[in-house]
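**Student:**
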Amino acid sequence: MSRARYVGMRLESEYGTAEEDDPVHYEDTICGIQPDLGWLIPAPVAKRAYQKRQRGFYRAQGPIGDFDVTPEGIIGELLNGLFGSSSPNNDETGVYTHTFTPQDTLPSYTIRAGVEQTERVLPGCLIEALTLKYSAGQFLKANALVYSGFPETKDTIGTPTIDPLQPLTQIDDLVNITIGGDAYRATIISDIEITIKNNIPFSRGDLSGRTFSTKRIGHRTVTGRLTAYFEDTTEYDDFIAGTPFDLIAGVTGPLIGDSETYRYNVTLNLYELQFLRDAAPNIVTQDQPLVINAPFQAFYDTGELLEAKAFLRNSVADY
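Each step along the sequence shown adds one to the number in numbering that gives the first Met the number 0, with nothing skipped, and position 224 is 223.
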């Protein structure tokens with residue numbers, strides 16, 4: 000029996016129709032997408048035992064990850080599915096920088112999840128949310144929440160090719176953290192967690208049937224949390240004054256192929272951030288450093304015409 004366990008994604012040409020071809024990219028990660036038949040169970044009156052039931056809306060949802068981000072795993076598919084649009088730029092032969100920007104419609108994916116004895120095929124997958132975690136001395140971590148409103152099928156277990164590249168790390172000087180234009184602020188930061196969410200009204204349906212047949216989305220929210228050492232009052236002052244700021248959070252890897260210039264890179268740009276609370280340090284004992292643990296939210300920037308965008312540089316031509 001095969002011991003294959005994997006997750007693969009492929010962009011759909013038609014929403015809800017499973018792509019027959021194998022995924023373009025796979026990830027070495029856990030996956031917890033679970034189906035729900037939405038059973039409708041009326042309360043019994045004539046007897047104490049439950050007798051009747053009928054299937055309701057079909058819905059499947061669950062996480063992919065946490066996983067260590069490699070530049071050519073499924074991070075490109077997740078970013079494209081999250082934002083809705085990707086635009087590649089061919090920097091040089093074999094090197095592409097993809098820019099992901101927010102749209103009001105989302106692409107759908109067929110996800111194939113290998114579970115040793117069979118391959119689960121989930122069509123019509125939408126990316127509800129993606130979280131990126133930047134922690135000092137650790138790999139860049141990602142976690143996605145996925146929705147699928149079309150019944151899954153199964154196929155023969157596959158033989159995936161997992162991205163052989165090393166995960167991107169927060170250990171060397173290729174980490175790029177810029178707050179309000181000041182790159183030096185990276186020296187005080189220990190953790191940043193960023194979540195972008197599409198707020199898809201997934202629990203609702205219509206009279207067309209059991210599936211989530213029409214893609215609908217809600218407000219897009221961009222939130223996060225900054226954990227930093229309290230070595231000066233910059234963030235505290237911004238919080239008290241209500242001063243907005245921008246944030247660039249990027250991680251860079253080795254050179255791409257034969258390039259002498261371009262390196263693998265994943266970067267999030269957030270605009271018009273506002274600290275919401277907890278930007279003041281609590282008093283702790285002298286054997287512990289003073290830290291702030293401040294949540295924030297991004298807002299629409301009239302200059303950029305968006306509140307967030309992402310960049311991914313690798314050798315993949317298009318998403």
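Ideal Cβ positions, reconstructed from N, Cα and C, are used throughout, including at glycine.
Can you list, in chain order, the residues of its chain whose CB lies under 8 Å from that of Gln207, leaving out five sequence neighbours each side?
**Tutor:** It should be pointed out that residue 207 corresponds to Ser in this sequence rather than to Gln. Cβ neighbours of Ser207 beyond the five flanking positions: Thr213.
**Student:** Taking 6 Å as the limit between beta carbons, can you name the residues of its chain near Asp27, skipping five residues before and five after?
**Tutor:** Result list for Asp27: Ile161, in chain order.
**Student:** When you compare only the Cα positions, how much space is there between Asn197 and Arg219?
**Tutor:** Between Asn197 and Arg219, the C-alpha separation is close to 5 Å.
**Student:** The beta strand (DSSP E) spanning Leu121 covers which residue range?
**Tutor:** That run of the beta strand (DSSP E) goes Glu118 to Ser134.
**Student:** With a threshold of 8 Å, are at least 3 pairs of Cβ atoms found where one atom belongs to the region 73-85 and the other to the region 37-47?
**Tutor:** No, the region 73-85 does not touch the region 37-47.
**Student:** Where does Ile255 sit, in a helix, a strand or coil, going by DSSP?
**Tutor:** If DSSP states are grouped into helix, strand and coil, Ile255 belongs with coil.
**Student:** If we require 3 or more residues per run, which beta strand (DSSP E) segments fall completely within the region 144-176?
**Tutor:** Runs of the beta strand (DSSP E) inside the region 144-176: 152-154.
**Student:** Specify whether the region 115-122 and the region 277-289 touch according to this definition: at least 3 beta carbon pairs, one from each stretch, less than 8 Å apart.
**Tutor:** These segments do not touch.
**Student:** Any heavy atom of the ligand SAH closer than 6 Å to the beta-carbon of Phe149?
**Tutor:** The ligand SAH is absent from the structure shown, which contains no ligand whatsoever.
**Student:** Thinking just about the alpha-carbon of each residue, which of Arg215, Gly180, Asn281 and Arg184 is nearest to the one in Arg203?
**Tutor:** Selected option, being the one with the closest Cα: Arg215.
**Student:** Tell me where the beta strand (DSSP E) around Phe66 begins and ends.
**Tutor:** From DSSP, the beta strand (DSSP E) with Phe66 extends over Arg58 to Asp67.
**Student:** Out of Phe149, Arg47 and Ala48, state which residue places its alpha-carbon closest to the alpha-carbon of Gly55.
**Tutor:** For the residues Phe149, Arg47 and Ala48, the minimum Cα distance to Gly55 belongs to Phe149.
**Student:** What alpha helix (DSSP H) runs, 4 residues minimum, are completely inside the region 197-241?
**Tutor:** Correct list: 233-240.
**Student:** Lys140 and Asp65 - do their beta-carbons sit closer together than 7 Å?
**Tutor:** Yes, the Cβ-Cβ distance between Asp65 and Lys140 is below 7 Å.
**Student:** Three-state secondary structure (DSSP) at Ala185?
**Tutor:** Of the three classes helix, strand and coil, the one that applies to Ala185 here is helix, per DSSP.
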